[in-house]
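S.K.: Sharing a structure with you now.
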């Protein structure tokens with residue numbers, strides 16, 4: 001069994017995943033928009049370029065997401081994407097990149113359990129925890 005986060009966006013999914021691809025050194029393998037799907041005829045034309053499904057592979061991990069139609073979109077609450085690395089320089093680089101134009105909730109710092117730990121909400125409203133043991 002594998003558990004994968006599936007993120008919902010309010011029209012910025014492609015921008016967010018291109019950003020994550022760059023920040024995390026991953027590779028987008030699948031990106032499907034509403035207009036090229038079997039649902040195209042039932043989808044308003046202004047949503048044809050929005051993302052129905054995207055899959056980003058980072059090593060052997062997968063992050064997925066989509067643009068939720070406005071009537072179904074809800075802001076992300078009560079969860080964080082937890083990112084773990086064993087390299088402090090990598091933790092610092094990723095934290096800096098993800099926090100660009102976002103909100104730092106806890107600065108990346110040494111803690112009693114980790115060489116580095118910090119929390120942020122990125123510019124797309126997604127909460128992250130970066131941990132370096």
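Numbering (the UniProt record's numbering), first residue to last: 1 to 133. Where a beta carbon is used, it is the ideal one built from N, C-alpha and C, also for glycine.
Which of the three DSSP states is assigned to residue 6 in this structure?
M.R.: Of the three classes helix, strand and coil, the one that applies to residue 6 here is strand, per DSSP.
S.K.: Could you give the distance in angstroms between the alpha-carbon of residue 73 and the alpha-carbon of residue 50?
M.R.: Residue 73 and residue 50: Cα-Cα distance of roughly 13 angstroms.
S.K.: So, for residue 81: in the same chain, excluding its five sequence neighbours on each side, which residues have a beta-carbon less than 6 angstroms away from its beta-carbon?
M.R.: Result list for residue 81: 5 and 128, in chain order.
S.K.: Please give the ranges of any beta strand (DSSP E) in the UniProt domain "PhnB-like" (3-130), keeping only runs that are unbroken, at least 3 residues long and fully inside the region.
M.R.: Runs of the beta strand (DSSP E) inside the UniProt domain "PhnB-like" (3-130): 6-9, 27-33, 51-58, 61-67, 81-85, 103-109 and 116-121.
S.K.: Please name the residue in 1, 20 and 2 whose C-alpha comes closest to that of residue 123.
M.R.: Closest option to residue 123, Cα to Cα, is 20.
S.K.: What's the C-alpha gap between residue 71 and residue 10?
M.R.: Between residue 71 and residue 10, the C-alpha separation is close to 10 angstroms.
S.K.: Classify residue 32: buried if its beta carbon has 16 or more other beta carbons within 10 angstroms, exposed otherwise.
M.R.: Counting Cβ neighbours within 10 Å, residue 32 comes out exposed, since fewer than 16 surround it.
S.K.: Pull up the distance between the alpha-carbon of residue 14 and that of residue 53, whole angstroms please.
M.R.: Cα to Cα, residue 14 sits roughly 10 angstroms from residue 53.
S.K.: Evaluate contact between the region 91-99 and the region 109-120, counting only Cβ atoms and requiring at least three cross-stretch pairs below 8 angstroms.
M.R.: With the cut-off at 8 angstroms, the region 91-99 and the region 109-120 touch.
S.K.: Rounded to whole angstroms, what is the Cα-Cα separation between residue 12 and residue 67?
M.R.: The alpha-carbon atoms of residue 12 and residue 67 are separated by roughly 7 angstroms.
S.K.: Which residue from 130, 131 and 17 puts its Cα closest to that of residue 64?
M.R.: Ranking the options by Cα distance to residue 64, first place goes to 17.
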